[in-house]
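Here is the structure we will look at.
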Amino acid sequence: MKYYCFPKAAGIDSLELRDGPTPQPARGQILVRMRAASLNYRDLNIAKGSPARGPLPTNLIPLSDGAGEVVALGPEVSRFQVGDRVAGMFMQAWLGGDMEAYHVDSSRGGSIDGVLAEYVVFEQDGVVRIPDHLSYEEGATLPCAGVTAWNALYAGKPLRAGETVLVLGTGGVSIFALQFAKAAGARVIATSSSDDKLAKAKALGATDGVNYRQHPEWQQEVMRLTGGRGVDHVVEVGGAGTLQRSVEAARIGGQVHLIGILTGGGEINPTPVLRRNLLLRGIYVGSRQMFEDMNRMITLHGLHPVIDRVFPFAEAKDAYHYQTSQAHLGKVVIRID
Ligand SMILES: NC(=O)c1ccc[n+]([C@@H]2O[C@H](COP(=O)([O-])OP(=O)(O)OC[C@H]3O[C@@H](n4cnc5c(N)ncnc54)[C@H](OP(=O)(O)O)[C@@H]3O)[C@@H](O)[C@H]2O)c1
């Protein structure tokens, strides 16, 4: 089979296409013919060998998110049949309940091999069925970005109809959060560096948009749009460069979901957090239970993940470069023909 790997994590151009034996499923495992994979911001850091993550496995097969068809079953597999359409979970071991340290060690495309390959063996517990109305390309966007947005809005103190959600930027996590919030009857305010992207976000259901380049103090615009009250939820993907403003954009008693570090790490001033009585909640993707809950909502509402562009398997490096450019809105996908 053909697969991609990083012999050393020395940047996107160190990604190598290789040929190797097709893996075979052992007891309790399934073999999946991957049809599509999608990129996340994380994958760009992994390509560079981000020191915060520690040493990566040698010849790591990258990408956590992919979908495909079950083509063979190992002995004693009862959860799936040949022909089932599935997506792998980000953390293979986190089935439900609270996250444990060992769950993180089972993260695809980082701690263990990922899905940018024609065939991948999974434990039968490490995948979920994708909704019937989704293509493989759409299903491949769900495991990290989709589940993360779901976890933020529903797995803690859940979003309620009529509340207001602020999403930062128009990347994968933020656009899923926009769709989930809209479907739940919430108001969505989106920020972006681009008026063109804000127009697209509004077409997807955002009520209001704020260009954070034109309004560097965008939290003031959010306050204005909410009549001085602030938003109920902030989907905080920016990190240190945006967090203080996100705190100021939240209503008293609101929630800030700490998801991303697009602007890097840094210090937090705790005073406005406590004075505003905020809940700051760290999010690390999510469990299989969250994934399945999310899929039920996606099915019920007939939602389609927003795919910006699909690249052929042979052009995987171009997909990485496109994701790096941040020209996309929603998800960047690689089709595995
Ligand atoms: N904790 C977790 O489990 C988890 C899971 C998934 C992702 N993440 C993190 O969440 C972040 C987003 O991930 P992703 O995969 O969704 O990224 P992505 O698709 O690459 O999104 C990039 C977009 O973020 C927006 N952005 C960049 N800088 C910004 C800023 N200063 N303020 C507001 N928006 C900004 C831009 O949108 P515009 O072009 O519209 O400005 C950009 O296009 C990353 O830091 C990632 O590591 C964490």
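The opening residue of the sequence shown carries number 5 in my numbering; numbering runs sequentially from there. Cβ atoms here follow ideal geometry from the backbone N, Cα and C, with glycine treated the same way. As the structure is a computational prediction, the values presented were derived from the model and not from experiment.
Helix, strand or coil at residue i [DSSP, three-state]
i      : result
Arg279 : helix
Tyr106 : helix
Leu120 : coil
Leu284 : strand
Arg249 : helix
Asn273 : coil
Gly159 : What sits at residue 159 in the sequence shown is Ala, not Gly. Reduced to three states, the DSSP call for Ala159 is coil.
His325 : helix
Ser302 : Per the sequence shown, the amino acid found at residue 302 is Ile instead of Ser. Helix.
Met294 : helix
Thr168 : strand
Ala254 : strand
Leu182 : helix
Ser18  : helix
Phe94  : coil
Asp312 : strand
Cα-Cα separation between residue i and residue j, rounded to whole angstroms
i      : j      : result
Gly101 : Val90  : 22 Å
Pro316 : Arg191 : 36 Å
Tyr288 : Val251 : 20 Å
Ile50  : Arg279 : 37 Å
Asp17  : Gly70  : 21 Å
Val119 : Phe94  : 10 Å
Ala210 : Gly334 : 14 Å
Gln224 : Ile265 : 22 Å
Leu35  : Thr168 : 42 Å
Asn155 : Met294 : 7 Å
Ala185 : Leu163 : 8 Å
Gly176 : Val314 : 14 Å
Glu104 : Leu60  : 20 Å
Ala194 : Glu240 : 11 Å
Gln183 : Asn63  : 36 Å
Thr26  : Val81  : 19 Å
Ala203 : Gly78  : 49 Å
With 16 other Cβ atoms within 10 Å as the buried cut-off, status of residue i
i      : result
Arg46  : buried
Gly161 : Gly is not the amino acid found at residue 161; the sequence shown has Lys there. Label assigned to Lys161: exposed.
Tyr106 : exposed
Ala331 : exposed
Lys12  : exposed
Asn281 : exposed
Ala165 : exposed
Thr145 : buried
Asp199 : exposed
Asn273 : exposed
Pro29  : buried
Ile256 : exposed
Ser329 : exposed
His137 : exposed
His305 : exposed
Any non-hydrogen atom of ligand 1 within 7 Å of residue i CB
i      : result
Arg46  : yes
Val289 : yes
Gly314 : The question names Gly, but residue 314 in the sequence shown is Val. No; taking the cut-off as 7 Å, the Cβ of Val314 has no heavy atom of ligand 1 nearer than that.
Ile263 : yes
Lys204 : no
Lys201 : yes
Ser178 : yes
Tyr216 : yes
Gln4   : In the structure displayed, the chain extends from 5 to 341; residue 4 sits before or after that span and is not available.
Thr145 : no
Ala188 : no
Val241 : yes
Leu266 : yes
Ala159 : no
Ala149 : yes
Gln224 : no
Gly245 : yes
Gln259 : no
Gly173 : yes
Any non-hydrogen atom of ligand 2 closer than 7 Å to residue i Cβ
i      : result
Ser198 : Summarising the ligand content, the structure contains ligand 1 and does not contain ligand 2.
Problem - Within the stretch 21-86, ranges of the alpha helix (DSSP H) (whole runs, at least 4 residues) - result: 45-52
Exercise for the section: Pick out the complete beta strand (DSSP E) segments inside the stretch 184-233, 3 residues or longer, and give them in chain order. Expected result: 191-196, 212-215
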